[in-house]
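Oh and the sequence shown: position 25 is 25 in UniProt numbering, straight run, nothing missing. Backbone N, C-alpha and C define an ideal beta-carbon position, used for all residues, glycine too. Contents: one structure, followed by commentary.
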Amino acid sequence: MTTLSVTTRGQVTFRKDILKHLGIQPGGKIRLDLLPDGRAELKADQPKGSWRALHGMLKGKGDGPRFTIEEINDAIAEAGAAAGVAGLDGK
Numbered sequence: 001m002t003t004l005s006v007t008t009r010g011q012v013t014f015r016k017d018i019l020k021h022l023g024i025q026p027g028g029k030i031r032l033d034l035l036p037d038g039r040a041e042l043k044a045d046q047p048k049g050s051w052r053a054l055h056g057m058l059k060g061k062g063d064g065p066r067f068t069i070e071e072i073n074d075a076i077a078e079a080g081a082a083a084g085v086a087g088l089d090g091k
């Protein structure tokens with residue numbers, strides 16, 4: 001078990017070995033789910049694809065980069081899979 005200290009500003013610093021165990025890289029995000037009886041579950045927040053990001057990639061009048069149908073299909077599949085997986089766990 002690891003004990004962490006809280007600063008006067010309410011901040012906690014995680015050691016590198018803990019972040020590595022959680023799979024969190026610099027700039028990554030941590031998800032904290034509050035549970036009953038004062039408990040919490042901590043895990044790496046998984047980035048989610050969005051249709052807005054896909055729209056941004058396709059937006060324009062043809063002046064930007066060109067994508068093959070395979071690249072477009074891959075982007076749609078990735079965004080759909082990320083959204084679908086997120087919907088399955090209800091979080």
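Beta carbon of residue i, beta carbon of residue j: below 8 Å?
i	j	result
Leu19	Leu32	no
Ala44	Ile24	yes
Val12	Leu22	no
DSSP puts residue i in a beta bridge; with which residues?
i	result
Ile30	Ala44
Where residue i and residue j are concerned, what is the direct C-alpha to C-alpha distance, given to the nearest angstrom?
i	j	result
Asp74	Gly80	10 Å
residue 144	Gly28	Here the chain covers residues 1 to 91 and nothing more, so residue 144 does not appear.
Arg66	Gln46	28 Å
Compute every distance between the C-beta of residue i and the non-hydrogen atoms of the ligand NAP, then say whether any falls below 7 Å.
i	result
Glu78	This structure lacks the ligand NAP; in fact it carries no ligand of any kind.
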